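In the order they appear, the protein sequences are chains A and B. Start counting the first sequence at 1; every next residue gets the next number (the numbering used here). Start counting the second sequence at 1001; every next residue gets the next number (the numbering used here).
2 protein chains.
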Amino acid sequence: MNERVETPGNGNVFSENCPTRQVLDRLADKWSMLIMNRLRTEPVRFNQLRRDIEGISQKVLSQTLKKLERDGLIHRQVFASVPITVEYSLTKLGQTLSQTIQALSHWAEHNIETVLAAQKQYDNLAKQREARLG
Amino acid sequence: MNERVETPGNGNVFSENCPTRQVLDRLADKWSMLIMNRLRTEPVRFNQLRRDIEGISQKVLSQTLKKLERDGLIHRQVFASVPITVEYSLTKLGQTLSQTIQALSHWAEHNIETVLAAQKQYDNLAKQREARLG
DNA sequence: CGGGATCCTCAGGGATACTG
DNA sequence: CAGTATCCCTGAGGATCCCG
Chain A
1 MNERVETPGN
11 GNVFSENCPT
21 RQVLDRLADK
31 WSMLIMNRLR
41 TEPVRFNQLR
51 RDIEGISQKV
61 LSQTLKKLER
71 DGLIHRQVFA
81 SVPITVEYSL
91 TKLGQTLSQT
101 IQALSHWAEH
111 NIETVLAAQK
121 QYDNLAKQRE
131 ARLG
Chain B
1001 MNERVETPGN
1011 GNVFSENCPT
1021 RQVLDRLADK
1031 WSMLIMNRLR
1041 TEPVRFNQLR
1051 RDIEGISQKV
1061 LSQTLKKLER
1071 DGLIHRQVFA
1081 SVPITVEYSL
1091 TKLGQTLSQT
1101 IQALSHWAEH
1111 NIETVLAAQK
1121 QYDNLAKQRE
1131 ARLG
């Protein structure tokens, strides 16, 4: 465990190589969290994922899965059936992460309306200001 | 374009307009969560943020802050000092979100070593396989 | 100090075709 | 079914200059 140096009362600084940055750099893309979230309850096969994660392309799905597997977050199991079958599931490590991702998902469900309302209000105010300036 | 009809029922499907997707689309970039996290403990000024969030450009910081403000997650307060001072802080809504982001940050700190180890192992296995075929 | 406006790049990611 | 291989393009984001 390497203790991070945090300036006492002053909030932490986000140096390029702090753990949060490293993890966020891998998770903060369009799809990783969605995939993790989809795998949370059960193993899922490739094309099932492709169908469930609406809008993802086959290439990006493949890439992202490989990345997540490399990070030790998901497990890839091949069944020598005909035709071949591949199941993706969360590892123990991935399960712990999926907890916090699920929290984010819950936050989203509970607060999306508030966010959308805030956007509308912001846009209205912006429009008014615009009109005033001509 | 391709209007997918969502199959009702089994499991949760991630349609393009589900709340999780909408929120993730706004948060899942390189900087939003880091900024939210930096603002968690105290209001911070523009250039202070720029210095603390290592590597972010002025333009992107500005863009991201505006986006977060539009979403009702952060508040922008201007002080008519000379020269001008601007403080960014979390709104109530932003505070609730920052909780779960902090959870992600904690996960990162606790598990980054495991992730890095998994990567090494994955790369080694890949290299071995490559050698066997080469 | 806190940005806005421009220009430019480079990689994320879409579309399509092919394979074991 | 579960991917790989290419081609291509858009847009996130960096660099730079400017301004109240």
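Glycine included, C-beta positions come from ideal geometry on N, C-alpha and C. Just so we're clear, the structure is a prediction, and the values are computed from it rather than from any experiment.
Q | Span separating the alpha-carbon of ARG1040(B) from that of LEU49(A) | A | 35 Å
Q) Rounded to the nearest angstrom, how far is the Cβ of MET33(A) from that of LEU1065(B), given a contact under 8 Å? A) Incorrect: roughly 22 Å between the Cβ atoms, too far for contact.
Q.
Counting only Cβ pairs nearer than 7 Å, list the residues of chain B close to GLY94(A).
A. Per Cβ cutoff of 7 Å: no residues; GLY94(A) is ~10 Å from chain B at best.
Q) Taking Cβ-Cβ distances shorter than 9 Å, what residues in chain B pair up with GLN22(A)? A) ALA1108, ILE1112, VAL1115 and LEU1116
(Q) I want to see whether chain A comes within less than 8 Å of MET1033(B), judged by CB atoms only; does it? (A) yes
**Q.** Spatially closest choice to GLU1016(B) from TRP31(A), ARG76(A) and SER15(A), by CA coordinates
**A.** When the alpha-carbon of GLU1016(B) is set against those of TRP31(A), ARG76(A) and SER15(A), the nearest one is in TRP31(A).
Q. So, do the region 1067-1080 of chain B and the region 55-63 of chain A have three or more beta carbon pairs nearer to each other than 8 Å?
A. With fewer than three CB-CB distances shorter than 8 Å, the region 1067-1080 of chain B does not count as touching the region 55-63 of chain A.
Q. Does the beta carbon of ASN1037(B) come closer than 8 Å to any beta carbon on chain A?
A. yes
Q.
How far does the alpha helix (DSSP H) with SER1032(B) in it extend, from its first residue to its last?
A. DSSP places SER1032(B) in the uninterrupted alpha helix (DSSP H) bounded by 1032-1039.
Q) With 8 Å set as the bound, which would you pick, yes or no: does the beta-carbon of PRO1043(B) sit closer than that to a beta-carbon of chain A? A) no
Q: Could you spell out the range, first to last residue, of the beta strand (DSSP E) harbouring GLU54(A)?
A: No beta strand (DSSP E) contains GLU54(A), which DSSP labels as neither H nor E.
Q | Alpha-carbon to alpha-carbon, VAL1044(B) and ALA1117(B) | A | 35 Å
Q: Kindly indicate if chain B contains any beta-carbon less than 8 Å away from that of GLN58(A).
A: no
Q. Is the beta carbon of ALA115(A) less than 8 Å from the beta carbon of ASP1052(B)?
A. The sequence as given places Val at residue 115(A); Ala does not occur at that position. Not in contact: VAL115(A) and ASP1052(B) (Cβ atoms no closer than 8 Å).
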